[in-house]
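If you use my numbering, the sequence shown corresponds to residues 4 to 269, in order.
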Amino acid sequence: MRPSLDRIGPNFIDIWRWNLDQTEREIDRLFPILSGEERARASRFVYPEHRQRFIAGRAGLRLVLGHYLHLPPHRIGLSCNVFGKPRIAGASELLQFNLSHSADVAMLAISDHYPVGIDVEAIKPLKEDIAEHFFSKRECEALAAFRGDDYLHAFYRCWTRKEAFVKAHGAGLSLPLDSFDVTVDATSRPKLESLDGDQDAPLNWSLFDLATPTGFAGTLAALTLGNAVHLRYWNDDVLTLKASVAHPAHNDPRPHQSGGNRASPA
Ligand SMILES: CC(C)(COP(=O)(O)OP(=O)(O)OC[C@H]1O[C@@H](n2cnc3c(N)ncnc32)[C@H](O)[C@@H]1OP(=O)(O)O)[C@@H](O)C(=O)NCCC(=O)NCCS
Numbered sequence: 004m005r006p007s008l009d010r011i012g013p014n015f016i017d018i019w020r021w022n023l024d025q026t027e028r029e030i031d032r033l034f035p036i037l038s039g040e041e042r043a044r045a046s047r048f049v050y051p052e053h054r055q056r057f058i059a060g061r062a063g064l065r066l067v068l069g070h071y072l073h074l075p076p077h078r079i080g081l082s083c084n085v086f087g088k089p090r091i092a093g094a095s096e097l098l099q100f101n102l103s104h105s106a107d108v109a110m111l112a113i114s115d116h117y118p119v120g121i122d123v124e125a126i127k128p129l130k131e132d133i134a135e136h137f138f139s140k141r142e143c144e145a146l147a148a149f150r151g152d153d154y155l156h157a158f159y160r161c162w163t164r165k166e167a168f169v170k171a172h173g174a175g176l177s178l179p180l181d182s183f184d185v186t187v188d189a190t191s192r193p194k195l196e197s198l199d200g201d202q203d204a205p206l207n208w209s210l211f212d213l214a215t216p217t218g219f220a221g222t223l224a225a226l227t228l229g230n231a232v233h234l235r236y237w238n239d240d241v242l243t244l245k246a247s248v249a250h251p252a253h254n255d256p257r258p259h260q261s262g263g264n265r266a267s268p269a
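So, in structure tokens, the structure goes:
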């Protein structure tokens with residue numbers, strides 16, 4: 004049966020956020036929502052905290068997807084593209100999504116028009132400066148203008164912009180991190196500045212700074228092909244979500260014209 008879909012449309016990308024630290028009772032309630040494969044993965048975590056956060060992350064993802072697709076969350080089939088990017092099995096053209104989590108925060112981007120990638124990171128002091136291992140020459144030069152706390156924030160802006168682009172692009176770690184440049188400053192709109200072999204990429208891709216909890220950085224990347232797109236934030240309690248009850252918390256008022264081995268910055 005083809006699921007019906009609550010339309011989002013070409014002018015919006017929906018952003019959902021929830022907290023991954025839940026009571027054991029709540030985790031027990033969420034666990035049956037997961038697929039057999041997800042339950043097996045959950046059982047392989049060494050630390051209970053990681054197991055619980057994984058369950059709360061995947062359950063939240065399924066609850067939100069079920070909300071749009073009008074399907075029970077446990078019945079949503081998830082598969083991956085050849086580079087490991089999760090998608091809805093058999094209906095990937097209906098809804099594009101991407102999930103990110105860091106510490107106790109999960110953020111999820113949903114679009115029915117554009118491939119999306121999202122990255123959220125808790126901002127922690129860097130044990131060593133790893134910028135040159137991950138960032139392009141142009142990005143490292145731009146970062147060199149910052150000092151102290153400003154440097155730390157610029158570093159995380161760059162990290163999440165790159166990671167979100169890699170996740171949206173879909174080629175995973177096969178996309179060399181020095182094959183594209185993003186902006187690192189906070190004063191102008193984030194942008195993809197270049198992508199090797201694709202001179203139209205800066206026009207076709209959009210980056211958005213996300214509204215995150217204090218102490219986190221976050222970016223959304225989307226292949227918006229030059230369309231004006233707003234972010235629409237939802238603050239419903241994701242983990243108690245029922246079909247068709249959500250209301251947007253706020254829209255990002257700024258229209259946006261065209262614009263892994265698991266590495267962790269700290
Ligand atoms: C796994 C990866 C997708 C992101 O890892 P991460 O930042 O540690 O984790 P995030 O929380 O942002 O994203 C994890 C989620 O992304 C999704 N995901 C997994 N593989 C993905 C892929 N290839 N493409 C897009 N999304 C993916 C999954 O939903 C995953 O959730 P899960 O843990 O419930 O399975 C991958 O891009 C990676 O390892 N990147 C590191 C590359 C790197 O070195 N970046 C340096 C920064 S510039």
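A virtual CB, placed ideally from N, CA and C, is assigned to each residue, including glycine.
Pair within 9 angstroms by beta-carbon distance, residue i and residue j
i	j	result
residue 242	residue 33	yes
residue 221	residue 123	yes
residue 156	residue 189	yes
residue 109	residue 17	no
residue 20	residue 230	no
residue 223	residue 206	no
residue 65	residue 73	no
residue 45	residue 57	yes
residue 173	residue 86	yes
residue 168	residue 200	no
residue 193	residue 186	yes
residue 114	residue 15	yes
residue 23	residue 63	yes
residue 181	residue 196	no
residue 82	residue 75	no
residue 106	residue 125	yes
residue 142	residue 165	yes
residue 129	residue 268	yes
residue 69	residue 38	no
residue 171	residue 118	yes
residue 198	residue 204	yes
residue 30	residue 71	no
Beta-ladder partner(s) of residue i, from DSSP
i	result
residue 16	234
residue 224	120, 210
residue 125	219
residue 21	109
Start-to-end residues for the alpha helix (DSSP H) that takes in residue i
i	result
residue 45	39-46
residue 137	134-137
residue 51	51-72
residue 140	140-146
residue 164	151-172
residue 31	27-33
CB-CB length for residue i against residue j, believed under 8 angstroms
i	j	result
residue 60	residue 116	In fact, because the Cβ distance is near 24 angstroms, the residues do not count as touching under 8 angstroms.
residue 158	residue 146	6 angstroms
residue 208	residue 226	6 angstroms
Endpoints, the beta strand (DSSP E) within which residue i is located
i	result
residue 109	108-114
Interface flag, residue i vs chain C, CB-CB below 9 angstroms
i	result
residue 137	Absent from the structure is chain C; it holds one protein chain and no more.
Any beta strand (DSSP E) of 3 or more consecutive residues that is wholly inside the segment 76-104: 81-83, 89-91
Entirely enclosed beta strand (DSSP E) segments - the segment 182-219, minimum 3 residues: 183-185, 195-198, 209-212
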